[in-house]
Amino acid sequence: MSDTDSNANDEVQASTHLDACGLFCPEPVMLLHNRIRDMQQGEILELVATDPSTTRDVPKFCLFLGHELLSKTQKDDHYHYMIRKK
Numbered sequence: 103m104s105d106t107d108s109n110a111n112d113e114v115q116a117s118t119h120l121d122a123c124g125l126f127c128p129e130p131v132m133l134l135h136n137r138i139r140d141m142q143q144g145e146i147l148e149l150v151a152t153d154p155s156t157t158r159d160v161p162k163f164c165l166f167l168g169h170e171l172l173s174k175t176q177k178d179d180h181y182h183y184m185i186r187k188k
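Taking the numbering used here, the leading residue of the sequence shown gets 103, the next gets one more, and so forth.
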């Protein structure tokens, strides 16, 4: 994943933000699951994490539960994800 690895434009605005920095597997995905469950369909969540395993786990989470991974980027040791709830 690089700074340019993105599936959507930079205009997407998140309605919810989740900071999972400093947490390790499985905590980021557990927090993501809990937060997205309380959101409305179509709302967008921004997740920021430092655990490299999220590059594998977040896309699989979205695929398995049907949420749309709008973008994924990496800046230094931070991984940023934009996810639209199904």
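Don't be surprised by glycine CBs; every beta carbon is placed ideally from N, CA and C.
{"Asked": "Pick from Asp178, Ser173, Asp179 and His180 that is closest to Ala116, judged by C-alpha positions", "Found": "Ser173"}
{"Asked": "Exposure of Lys187, with buried meaning 16 or more beta-carbon neighbours within 10 Å", "Found": "buried"}
{"Asked": "Reference Gly144, options Cys127, Leu171 and Thr152, closest by Cα", "Found": "Leu171"}
{"Asked": "Environment of Pro128 [buried if 16+ CB atoms lie within 10 Å]", "Found": "exposed"}
{"Asked": "Thr157 in three-state terms, based on DSSP", "Found": "helix"}
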